[in-house]
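A.B. asks: Going by full-length UniProt numbering, the letters in the sequence shown line up with residues 1 to 115, in that order.
Even for Gly, the Cβ is constructed at its ideal location relative to N, Cα and C.
Input: one structure, supplied below.
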Amino acid sequence: VEIAPDPDPAVRRMFNCDICADSKPLYESFKIKGCSHSYCFDCIKNYVASKLQDGVSQINCPVPRCHGLLEPEYCREILPFEVFDRWGKLLCESVILASQKFYCPFKDCSALLLD
1 VEIAPDPDPA
11 VRRMFNCDIC
21 ADSKPLYESF
31 KIKGCSHSYC
41 FDCIKNYVAS
51 KLQDGVSQIN
61 CPVPRCHGLL
71 EPEYCREILP
81 FEVFDRWGKL
91 LCESVILASQ
101 KFYCPFKDCS
111 ALLLD
């Protein structure tokens, strides 16, 4: 994943986000490791947050059948802290065997508990 530096405004170039199709400055482009698709920071933030809301911890490129993979460390700079933190927790939970985990039964808690 590469985050392009902010260029001199006189040399500013644009790109089209593959999600929202908006034309954005090139320095706002986010490239996923292992693919050639470009997305704007806002779309990547929303995409990651949506996947995490669905309980998905291994997040692939939004393009179907693309093998690009989003990695938390490469997204850290653009994600809000709470989204990055949630991703880390989901990744930790994903390595625990289903038979060894259960969740707090209290309505307002749902913390992961180990058997």
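Using the Cα positions of I78 and K45, report the straight-line distance between them to the nearest angstrom.
C.D. replies: In the sequence shown, counting from the first residue as 1, residue 78 sits at position 78. In the sequence shown, counting from the first residue as 1, residue 45 sits at position 45. Going from the Cα of I78 to the Cα of K45 covers about 7 Å.
A.B. asks: Just to confirm, is the Cβ distance from H37 to V63 under 8 Å?
C.D. replies: Within the sequence shown, numbered from 1, the residue matching residue 37 stands at position 37. Within the sequence shown, numbered from 1, the residue matching residue 63 stands at position 63. Result yes, Cβ atoms of H37 and V63 sit closer than 8 Å.
A.B. asks: P80: which of S94, Q58, F41, L91 sits nearest, CA to CA?
C.D. replies: On the sequence shown, position 80 is the one that residue 80 refers to. When each option's Cα is compared against that of P80, the closest is F41.
A.B. asks: Select from P105, L70, C35 the residue whose C-alpha is nearest the C-alpha of K51.
C.D. replies: Position 51 of the sequence shown, counting from 1, holds the residue named residue 51. Nearest of P105, L70, C35 to K51, Cα basis: L70.
A.B. asks: Classify K33: buried if its beta carbon has 16 or more other beta carbons within 10 angstroms, exposed otherwise.
C.D. replies: Position 33 of the sequence shown holds residue 33. So K33 counts as exposed.
A.B. asks: Rounding to the nearest angstrom, what Cα-Cα distance links G68 and E82 in this structure?
C.D. replies: As a first step, residue 68 is located in the sequence shown; it is residue number 68 there, counting from the start. As a first step, residue 82 is located in the sequence shown; it is residue number 82 there, counting from the start. Distance between the alpha carbons of G68 and E82 is about 24 Å.
A.B. asks: In three-state terms, what does DSSP make of I44?
C.D. replies: Here residue 44 corresponds to residue number 44 of the sequence shown, with the count starting at 1. Looking at I44 - three-state DSSP - the assignment turns out to be helix.
A.B. asks: Drop a sphere of 10 angstroms on the beta-carbon of E28, count the other beta-carbons inside from all chains shown, and report buried for 16 or more, exposed for fewer.
C.D. replies: By 1-based counting over the sequence shown, the position of residue 28 is 28. The residue is buried, with at least 16 neighbouring Cβ atoms inside 10 Å.
A.B. asks: Let me check understanding here. Comparing Cα to Cα, which of N16, N60, I19, Q53 lies closest to C35?
C.D. replies: For the purposes of this step, residue 35 is taken as residue 35 along the sequence shown, with counting starting at 1. That would be N60, whose Cα lies nearest to the Cα of C35.
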